[in-house]
Amino acid sequence: MTHMTFISIGKATTEYLTFAAISKLIAAAATYPYQVVRARLQDHHHNYNGSWDCIKQIWRYERMRGFYKGLVPYLVHVTPNICMVMLIWEKLTN
């Protein structure tokens, strides 16, 4: 293998990891409010009368910030995982 081959392999790996991380960040930001509502309904520490009541109470008392509470630790947890999965998938299928 030549030096240029190693550079192109490294670039492809970096691209896979970068785009996997970006796609996960976008997907997580878009779906995280749903996960917050679901978790709060399952938690049973608050009395909610369904999903819509949960959404209204989060908005009333915490505003938009409430829907994204815990997003950073979640991203720290899932982003490396999806990067490895995508990298392995791309390497095995190519």
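For the sequence shown, full-length UniProt numbering gives the first residue as 1, with consecutive numbering after it. Even glycine gets a Cβ: it sits at the ideal position worked out from N, Cα and C.
Query                                                                                                                                                                         : Result
Should Thr13 be labelled buried (16 or more other beta-carbon atoms within 10 Å of its own) or exposed?                                                                       : exposed
Going straight from the alpha carbon of Arg63 to that of Tyr74, what length do you get?                                                                                       : 20 Å
Could you compute how far the alpha carbon of Phe6 sits from the alpha carbon of Trp89?                                                                                       : Any reading at Phe6 must be qualified, since the residue scores a pLDDT of 46, below 50, and its modelled position is unreliable; the value itself is stated next. So the alpha carbons of these two residues sit roughly 20 Å apart.
Using beta-carbon positions only, say whether Ile82 and Ala30 come within less than 8 Å of one another.                                                                       : no
Give me, in chain order, the residues of the same chain whose beta-carbon lies closer than 6 Å to that of Leu71; leave out the 5 immediate sequence neighbours on both sides. : Tyr32
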